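**Student:**
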Amino acid sequence: MTVCRVDTCALKSLLGIEQQPGNGEDHLQGDIALAFVQHWQVTGDLHWLKEKGFPVIEGLAQFWASRADHDPDGTWHLRNTMSPDEYSGNSSDPPYTTAVAQITLRAAVELAPLVGKSPDLKLKTVADGLKILYDKTLDYHPEHVGYLPNQTIKQ
């Protein structure tokens, strides 16, 4: 883990420089998109959606589509990412991150006609291909691929 002085960390954050190279906290993009989707759901403010909300949702959906890897079996994966469990950087398919990516991708498709745009159906393909990890035997969602049930997590 990279440790830096407070003033250096603040500067890196302002400049958009990763503080831990290779550990993109992609869940944050999902958090932002989820907040925008929920704002629309609560307010129903179409003017806001057209002018402010949809451009952000659509941009973040494009981010997720570019971030996901496609496997020959038709599934899509989020690899080398960091979920809200920041103890497990460079993990694959963390359920929370995958879920907010799906919400973002589907929202961009579903909301496009409301703002006068044609839906990008590739986004739906990616959303439908992302799988939420689930262990049927233990009846839980592992934190990421390779997670062991007794591993310490941050949350």
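Offset between the sequence shown (1-based) and the numbering used here: plus 1106.
Note that beta-carbon positions come from the ideal geometry of N, C-alpha and C, so glycine has one too.
Owing to the predicted nature of the structure, the values given are computational and were not obtained by experimental measurement.
Using 8 Å as the Cβ pair cut-off and three pairs as the minimum, do the segment 1196-1214 and the segment 1244-1256 touch?
**Tutor:** Yes: at least three Cβ pairs fall under 8 Å.
**Student:** So, helix, strand or coil for threonine 1262, using DSSP?
**Tutor:** Outside the shown range of the chain, which is 1107 to 1261, sits residue 1262, and nothing can be said about it.
**Student:** Based on Cα-Cα distance, which residue from Leu1254, Trp1170 and Lys1223 lies nearest to isoleucine 1138?
**Tutor:** Along the sequence shown, read from residue 1 onward, the residue named residue 1138 stands at position 32. Nearest of Leu1254, Trp1170 and Lys1223 to isoleucine 1138, Cα basis: Trp1170.
**Student:** Please check the pair tryptophan 1182 and valine 1232, which I expect to be a contact at CB under 8 Å, by giving their CB distance rounded to whole angstroms.
**Tutor:** Mapped onto the sequence shown, residue 1182 falls at position 76. Mapped onto the sequence shown, residue 1232 falls at position 126. Sure, about 5 Å apart at Cβ, within 8 Å.
**Student:** Less than 6 Å between C-beta atoms, sequence neighbours within five positions excluded: which residues of the same chain meet that for glutamate 1131?
**Tutor:** Residue numbering aside, residue 1131 sits at position 25 when the sequence shown is read from its first letter. Counting only Cβ-Cβ distances below 6 Å, and skipping sequence neighbours, we find Met1188.
**Student:** Have a look at leucine 1244 and asparagine 1186 and give me their C-alpha separation to the nearest angstrom.
**Tutor:** Counted from its first residue, the sequence shown places residue 1244 at position 138. Counted from its first residue, the sequence shown places residue 1186 at position 80. So the two alpha carbons sit approximately 25 Å from each other.
**Student:** Leaving out the 5 sequence neighbours to the left and right, which residues in its chain are closer than 7 Å to tyrosine 1193 when beta-carbon positions are compared?
**Tutor:** The count along the sequence shown starts at 1 and reaches residue 1193 at position 87. Correct list, in chain order: Thr1258, Ile1259 and Lys1260.
**Student:** Within its chain, find whatever has a CB closer than 8 Å to the CB of glycine 1128; leave out the 5 residues flanking it on each side and keep chain order.
**Tutor:** Working through the sequence shown from its first residue, we reach residue 1128 at position 22. Legend: pLDDT at glycine 1128 = 49, less than 50; position of this residue unreliable, value from coordinates given subsequently. The residues are Asn1186, Gly1195 and Asn1196.
**Student:** Looking only at DSSP bridge pairs, what is tryptophan 1146 linked to?
**Tutor:** Counted from its first residue, the sequence shown places residue 1146 at position 40. In the DSSP output, where bridge partners are listed per residue, tryptophan 1146 has none listed.
**Student:** Compare the Cα-Cα distances from isoleucine 1238 to each of Leu1217, Lys1223, Pro1255 and Ala1207 and report the closest residue.
**Tutor:** Here residue 1238 corresponds to residue number 132 of the sequence shown, with the count starting at 1. Selected option, being the one with the closest Cα: Ala1207.
**Student:** Among residues of its own chain, excluding the 5 on either side of glutamine 1135, which ones have a beta-carbon nearer than 7 Å to its beta-carbon?
**Tutor:** For the purposes of this step, residue 1135 is identified with residue 29 of the sequence shown, where counting begins at 1. Leu1166 and Phe1169.
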